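Enquirer:
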Amino acid sequence: MSAPILRTQELTKRFSGLVAVSKVSLELHVGEVHAIIGPNGAGKSTLTNLLSGDLPPTSGVVQFEGRDIAGFKSDRISRLGVGRSYQKTNIFLPFTVFENCRLAAQSRTPHAWRVWSGAGRFGDINRLAEEAMEAAGLAHRRDRVAATLSHGEQRQLEIAMCLATQPRLLLLDEPLAGMGPHESLRMVELIKTLSAQHAIMLIEHDMDAVFAVAHRLTVMVNGEVIESGTPEAVRGSPVVQLAYLGGGDNLHV
Amino acid sequence: MTASRRSLALFLVASLLLALFPGVGGTFYVQLLTNVMILAIFAMSLDLLIGYTGLVSFGHAAYFGLAGYVLALLGPQYEAASLWWSLPAAMGVCALFALLTGLLVLRTKGIFFIMVTLAFAQMLFFVFHDTKLGGGSDGIYIYNKPTLLIGDFALANLDNIAHFYYLVLLLMLCVYLLLRRILGSTFGRALVGIKVNEHRMQALGFPVFRYKLASYVLAGALGGLAGYLAAVQFGFVNPEILSWHKSGQVIVMVILGGMGTLYGPVLGAFAFVLLQEAFSNQAWIGEWAKHWQLGMGVFIVLVAMYLPQGLAGLLQRFGRKAEAKEEREEQP
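Chains as they are written, first to last, in the working numbering: chain A, 32 to 284; chain B, 54 to 385.
#1: If contact means a Cβ-Cβ distance below 8 angstroms, which residues of the region 77 to 107 of chain B contact chain A?
#2: Does any residue of chain B bring its CB to less than 8 angstroms from the CB of Pro125/A?
#3: Sort out for me which residues DSSP pairs Tyr196/B with in a bridge.
#4: So Ser135/B and Leu124/B are in contact, right, with Cβ under 8 angstroms, and what is the actual spacing, rounded?
#5: Does the region 280 to 291 of chain B come close enough to the region 167 to 185 of chain A that 3 or more CB-CB pairs lie under 8 angstroms?
#6: Alpha carbon to alpha carbon, how far is Met218/A from Gln187/A? Give it in angstroms, no decimals.
#7: In chain order, which alpha helix (DSSP H) runs of at least 4 residues are fully inside the region 222 to 265 of chain B?
#8: For Phe352/B, report the span of its beta strand (DSSP E) as first-last.
#9: Taking just the CA atoms, how far does Pro260/B sit from His65/A?
#10: To the nearest angstrom, how far is it from the Cα of Gln40/A to the Cα of Leu111/A?
#11: Helix or strand or just coil, what does DSSP make of Asp191/B?
#12: Can you check whether the C-beta of Ile308/B is within less than 8 angstroms of a C-beta belonging to chain A?
#13: Nearest to Thr154/B by CA position, among Leu211/B, Val270/B, Leu69/B, Met144/B, is which residue?
#14: Need the endpoints of the beta strand (DSSP E) that Ser259/A sits in, please.
#15: Ordered along the chain, which non-local residues of its own chain (more than five positions away) have a Cβ less than 6 angstroms from that of Ala166/A?
#16: Give me the subset of the region 229 to 250 of chain B whose CB atoms are less than 9 angstroms from a CB atom of chain A, sorted by chain position.
#17: Of the choices Ala178/A, Gln228/A, Ser76/A, Asn71/A, whose alpha-carbon is the least far from that of Asp118/A?
#18: Taking the continuous beta strand (DSSP E) assigned at Ile203/B, which residues delimit it?
#19: So what does Gly149/A bridge to, in DSSP terms?
#20: Within 10 angstroms of the Cβ of Ala149/A, are there 16 or more other Cβ atoms? Answer buried if so, exposed if not.
#21: Would you verify that the beta carbon of Thr196/A is, or is not, closer than 8 angstroms to some beta carbon of chain B?
#22: Judging by CA-CA distance, which residue of Gly301/B, Arg233/B, Phe95/B, Gln362/B is the nearest neighbour of Ser57/B?
#23: Decide if the region 101 to 111 of chain A is in contact with the region 73 to 87 of chain A; the criterion is three or more beta carbon pairs, one per stretch, under 8 angstroms apart.
#24: Please say whether Ser300/B and Gly111/B have beta carbons closer to each other than 8 angstroms?
#25: To which residues of the same chain is Asp280/A closer than 6 angstroms at the C-beta, ignoring the five residues directly before and after it?
#26: If we cut at 8 angstroms on Cβ distances, does Leu134/A have a partner in chain B?
#27: Where Gly254/A and Thr106/B are concerned, what is the direct C-alpha to C-alpha distance, given to the nearest angstrom?
#28: When you compare only the Cα positions, how much space is there between Val284/A and Leu108/B?
#29: According to DSSP, simplified to helix, strand and coil, what is Val305/B?
#30: If we ignore side chains and look at the alpha-carbon of each, how far apart do Gln255/B and Glu383/B end up?
#31: Do we get a CB-CB distance below 8 angstroms when we pair Asn71/A with the residues of chain B?
#32: Can you name, in chain order, every residue of its own chain whose Cβ lies under 8 angstroms from the Cβ of Thr140/A, other than the five neighbours on each side?
#33: Could you work out which residue in Ser296/B, Glu376/B, Val319/B, Gly163/B is closest to Val307/B when comparing CA atoms only?
#34: With a Cβ-Cβ cutoff of 8 angstroms, do Leu57/A and Leu200/A count as a contact?
#35: Could you give the DSSP three-state label for Lys378/B: helix, strand or coil?
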């Protein structure tokens, strides 16, 4: 197997007394969807925040394409090629769908600091924005103000913005949360398509979706990885079954 | 008419009316409008921060006053300074002050940002108020207006009230067009993005701090332009021009006019000064003129209650009505 695009070693995050993420070591590869599952409060979102730079880790190693990035700010990590979507929709509500994507695409072009030329005039940025909308299935909503979109569409926009930054690694934090069945199906297809060219870390509670797209599963409980492997291996793991059943949380597998 | 055509028409009509005004207005009113236009530049520079970058600065008077003091202190005492170097010097010092303080204040957010910007402005106030540097609370006279020469030819004589009026009008229009241009650029769009959702901008890969700093420096320099012109107009600087009242006033102008619209704060400056003039005019409203603050206060409260988008919002409402009417008429 090729070298991992992202690798963590003993990654830990402590909030005063609480250990939210404890000694997590994992690898993400291009062409692979790596799903992180676990009950609420397991530290999945915190882990994402550590990888994206939204939070600095307390200790441990994060390497992206062989480079140590632990403690980098989120803008720098983003420019290196890591895109993330948020669990709680985090978009520019007063802007149109196109402007949301255009801004995202603008972030990494050399034109970003131009103060004199009109923002709409850069063909390459506009093209990236259009492609991202197309991929996320939002092309027909191009000129709608983001605040007026349905919840599901806002989730799609979240992904579209992420794509417009041309990441090589995608960190998707519950992309299906609050989506209808039709939209979910669409998103699952999109993740499958993207996984061919990208490395994807997927956090998701919808187990049907997880087992439909994931090549590798990591199960977290109380900040710790309790199991990691292929979906089949994890499904049969006694540790996982005990943790889930014992915790009173249902793993619908 | 489309919305952009309509705003272009409004811009041209307003510019033309202002250009014609010295032909009909008396000296007092020409000077009053000059003052208003200077404050309009000041308000636009603050709108860049409040309305477009989401930075509510409560210390913007620092730049207004600092530029005036630069002119008063750097200019020769008994001769006129040349505008060619004194204006860039004043704006440059303001930009530098914005850069240095920006490195600190931009690390804070929300209410803390408001307080820290106020604190820096107050420090500057006390530097000029309590030391001999700028003549203490008495201030400094600027006996000679700056010259505007090309070779030996005077482009304008700033002692001449009409000349100065036109210089200020020209600069106000330039600042407006400059900011329009910048705000329409990729840089400007990024600023508005930061105002709307700073966290996401950072996550998308924008070095947010640098963008805010650039905006802060530009706003400081343009605030300095306004302060320089005010010092030239009054021929006098004292610590009052740095006081927090001045910072508060310009915030009121921006909010009154409509933040994030650029022309709104211009309207706000006009409304603020002209209403203050009207409410304190004894010939018009008699004894009440003594209590002009009351009239202003009521007006500001009414705008805040009924026009949350300020005077610009009122204008936009008319624009939408006109549009709807046109659409109705187009239908058979």
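Yeah, the Cβ is synthetic: ideal placement off N, Cα and C, and Gly gets one too. These numbers were taken from a predicted model, which means no experiment stands behind them.
Expert: Judging by the given coordinates:
#1: none
#2: Within the first sequence, numbered from 1, the residue matching residue 125/A stands at position 94. Yes, Pro125/A counts as interfacial toward chain B.
#3: In the second sequence, the residue the question calls residue 196/B occupies position 143. In the DSSP output, where bridge partners are listed per residue, Tyr196/B has none listed.
#4: On the second sequence, position 82 is the one that residue 135/B refers to. On the second sequence, position 71 is the one that residue 124/B refers to. Contact flag wrong, Cβ pair sits at about 11 angstroms.
#5: In the pairwise beta carbon analysis, the region 167 to 185 of chain A is classified as not touching the region 280 to 291 of chain B: fewer than three pairs are separated by under 8 angstroms.
#6: Stepping through the first sequence from its first residue, residue 187/A is reached at position 156. Stepping through the first sequence from its first residue, residue 218/A is reached at position 187. Roughly 8 angstroms between the two C-alpha positions.
#7: For the region 222 to 265 of chain B, the full-length alpha helix (DSSP H) segments reaching 4 residues or more read 239 to 256 along the chain.
#8: As a working mapping, residue 352/B is identified with position 299 in the second sequence. Note, Phe352/B: premise wrong, no beta strand (DSSP E); alpha helix (DSSP H) at 345 to 359.
#9: Translated into positions along the first sequence, residue 65/A becomes position 34. Translated into positions along the second sequence, residue 260/B becomes position 207. About 29 angstroms.
#10: Counting from one through the first sequence, the residue named residue 40/A turns up at place 9. Counting from one through the first sequence, the residue named residue 111/A turns up at place 80. Rounded to whole angstroms, Gln40/A and Leu111/A show a C-alpha spacing of 20 angstroms.
#11: By one-based count along the second sequence, residue 191/B stands at place 138. Reduced to three states, the DSSP call for Asp191/B is helix.
#12: Reading the second sequence from its first residue, position 255 is the one you call residue 308/B. No, because no Cβ of chain A sits closer than 8 angstroms to the Cβ of Ile308/B.
#13: As a first step, residue 154/B must be located in the second sequence, where it is residue number 101. Put simply, of Leu211/B, Val270/B, Leu69/B, Met144/B the residue whose alpha carbon is nearest the alpha carbon of Thr154/B is Val270/B.
#14: Your numbering for residue 259/A matches position 228 in the first sequence. Ser259/A -> beta strand (DSSP E) spans 255 to 260.
#15: For the purposes of this step, residue 166/A is taken as the residue at position 135 of the first sequence. The residues are Leu194.
#16: The residues in question are Arg234, Ile235, Gly237, Ser238, Thr239, Phe240, Gly241, Arg242, Ala243, Val245, Gly246, Val249, Asn250.
#17: Along the first sequence, read from residue 1 onward, the residue named residue 118/A stands at position 87. The amino acid at residue 118/A is misidentified as Asp; the sequence shows Gln. Of the candidates Ala178/A, Gln228/A, Ser76/A, Asn71/A, the one whose C-alpha sits nearest the C-alpha of Gln118/A is Ser76/A.
#18: Along the second sequence, read from residue 1 onward, the residue named residue 203/B stands at position 150. First-last of the beta strand (DSSP E) with Ile203/B: 201 to 203.
#19: Your numbering for residue 149/A matches position 118 in the first sequence. Answer by DSSP bridge pairing, in chain order: Ser238/B.
#20: For the purposes of this step, residue 149/A is taken as residue 118 along the first sequence, with counting starting at 1. At residue 149/A the sequence reads Gly, which differs from the Ala that was named. Under this definition Gly149/A is an exposed residue.
#21: Translated into positions along the first sequence, residue 196/A becomes position 165. Output row for Thr196/A: interface = yes.
#22: Taking the first residue of the second sequence as position 1, residue 57/B is located at position 4. That would be Arg233/B, whose Cα lies nearest to the Cα of Ser57/B.
#23: yes
#24: As a first step, residue 111/B must be located in the second sequence, where it is residue number 58. As a first step, residue 300/B must be located in the second sequence, where it is residue number 247. The displayed chain sequence assigns Phe, not Gly, to residue 111/B. Using a Cβ distance threshold of 8 angstroms, Phe111/B and Ser300/B count as a contacting pair.
#25: Taking the first residue of the first sequence as 1, we reach residue 280/A at position 249. Here the model assigns Asp280/A a pLDDT of 49, short of 50, so the residue's position is not dependable, and the following value carries that caveat. Cβ within range, chain order: Pro70.
#26: Residue numbering aside, residue 134/A sits at position 103 when the first sequence is read from its first letter. With its beta carbon less than 8 angstroms from one in chain B, Leu134/A belongs to the interface.
#27: Numbered from 1 along the first sequence, position 223 holds the residue referred to as residue 254/A. Numbered from 1 along the second sequence, position 53 holds the residue referred to as residue 106/B. Between the alpha carbons of Gly254/A and Thr106/B lies a distance of about 38 angstroms.
#28: Indexing the first sequence from 1 puts residue 284/A at position 253. Indexing the second sequence from 1 puts residue 108/B at position 55. Here Val284/A scores only 44 on pLDDT, less than 50, and its place in the model should not be relied on; the value that follows carries that caveat. Approximately 50 angstroms, taken between the alpha carbons.
#29: Taking the second sequence and counting its residues from 1, one reaches residue 305/B at position 252. Note: Val305/B maps to helix in three-state DSSP.
#30: Mapped onto the second sequence, residue 255/B falls at position 202. Mapped onto the second sequence, residue 383/B falls at position 330. Roughly 46 angstroms separates the two Cα atoms.
#31: Taking the first residue of the first sequence as 1, we reach residue 71/A at position 40. With 8 angstroms as the cut-off, Asn71/A does not count as an interface residue toward chain B.
#32: Counting from one through the first sequence, the residue named residue 140/A turns up at place 109. Contacts found: Phe153, Asp155, Ile156.
#33: As a working mapping, residue 307/B is identified with position 254 in the second sequence. For Val307/B, the nearest C-alpha among the options comes from Val319/B.
#34: Numbered from 1 along the first sequence, position 26 holds the residue referred to as residue 57/A. Numbered from 1 along the first sequence, position 169 holds the residue referred to as residue 200/A. No, the pair does not count as a contact, with Cβ atoms beyond the cut-off.
#35: Mapped onto the second sequence, residue 378/B falls at position 325. The answer is helix: DSSP assigns Lys378/B an H, G or I state.
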